[in-house]
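These notes concern the structure reproduced below.
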Amino acid sequence: AQSVTQLDSQVPVFEEAPVELRCNYSSSVSVYLFWYVQYPNQGLQLLLKYLSGSTLVESINGFEAEFNKSQTSFHLRKPSVHISDTAEYFCAVNSGANNLFFGTGTRLTVIP
Amino acid sequence: EAGVAQSPRYKIIEKRQSVAFWCNPISGHATLYWYQQILGQGPKLLIQFQNNGVVDDSQLPKDRFSAERLKGVDSTLKIQPAKLEDSAVYLCASSFGDREYTFGSGTRLTVV
C-alpha cells in the first residue's frame, strides 16, 4: 500500500522569504514523485516530478524538490517566494499502477 | 495542444437527483482518470480507463456512481442518486503513459 503525508496543512510566509513544504511517502516498491499546484477554482498543474536520475529536480518558476530515498521524503523548497505563489500544493506518488495517489495538500499563503 | 476539457464547470442539484459530468481528454491519450476532490482533501481516484476498458474502479461507489468511456475517447461520470457527501470537485485527467498527467479544470458539484 502507498500513502503520502503532507504534515503542514497551512504555511504562511512573508514575501521574499524561503519556504519548505514537506512531503513524506510510504511505498513498498520504487516510486515516482510529483508536486502539483492548484490555484483557486482551477485544476491541478504539474510543478515538477522525479522519475529517475538526479534526485534534485527543479521547476521553471524557482521551486525545487529533492528525492531522499532513505528518509522517504520529497520536500518542496523555494528560496524566495512571491505573492503569486499563493496556492494549494499537492504531493503525489505513483508506484507503478500508473495512477496518482495524493496527499491532503498544503495551503501556501504569501504575506506582503 | 488543447488541454483536458470538462463540463459543466459548476452544478448545483438537490439530494437524490442525478447528475452527469463530461470529459474530453487530450487527443491520443489512452489513459483517462476521474478523481474526486472533497474540500480540504487531496484528490482521490474514482476510476481509471485504458482506452475503453476499466483498469481500476476499486474506489468507485458503484451503488450510485457509474462511468463509461465509449470508443476510448470521451468519458462521462454519473451519480444517481446524489447524496450530500458527494459535494466535491470532480477532476478528469489523461496521460499517454509517460507519467505526465494533465488535469482538466474540474466540475464543482454542490448537493443541497
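The listed protein sequences correspond, in order, to chains A and B. Here the numbering used here is used: the first residue of the first sequence is 1, the next is one more, and so on. Here the numbering used here is used: the first residue of the second sequence is 113, the next is one more, and so on. Don't be surprised by glycine CBs; every beta carbon is placed ideally from N, CA and C. The structure presented is a predicted model; accordingly, all values stated were derived computationally and were not measured.
Between phenylalanine 34 of chain A and valine 201 of chain B, the alpha-carbon positions lie close to 20 Å from each other. In this structure, DSSP gives aspartate 8 of chain A a state outside helix and strand, which the three-state scheme calls coil.
Contact annotation for glycine 216 of chain B against chain A: Gly43 [CB-CB distance below 7 Å, chain order]. Within the same chain, Cβ atoms closer than 7 Å to the Cβ of tyrosine 39 of chain A are found at Ala87, the five residues on either side in sequence being excluded. Membership of histidine 75 of chain A in the beta strand (DSSP E) is indicated by the continuous run 73-78. Beta bridge pairing from DSSP links asparagine 94 of chain A with A/Tyr32. By the Cβ neighbour-count rule, tyrosine 122 of chain B is exposed, with fewer than 16 other Cβ atoms within 10 Å of its own. A direct Cα-Cα distance of roughly 12 Å separates phenylalanine 74 of chain A from leucine 7 of chain A.
Excluding sequence positions up to five before and after leucine 221 of chain B, its CB lies within less than 7 Å of the CB of Lys123, Val131, Asp198, Ser199, Ala200, Tyr202, all in the same chain and listed in chain order.
The beta-carbon separation of valine 11 of chain A and leucine 108 of chain A, rounded to 5 Å, stays under the 8 Å limit for a contact. Taking a 10 Å sphere around the C-beta of valine 29 of chain A, we find fewer than 16 other C-beta atoms and assign the residue as exposed.
Glycine 165 of chain B: member of the beta strand (DSSP E) spanning 165-168, first to last residue.
Residue pairing of valine 57 of chain A in beta bridges, as defined by DSSP: A/Ala65.
Taking the C-beta atoms as reference points, leucine 46 of chain A is found nearer than 8 Å to tyrosine 36 of chain A. Glutamine 160 of chain B is positioned such that its CB atom lies closer than 8 Å to that of tyrosine 145 of chain B.
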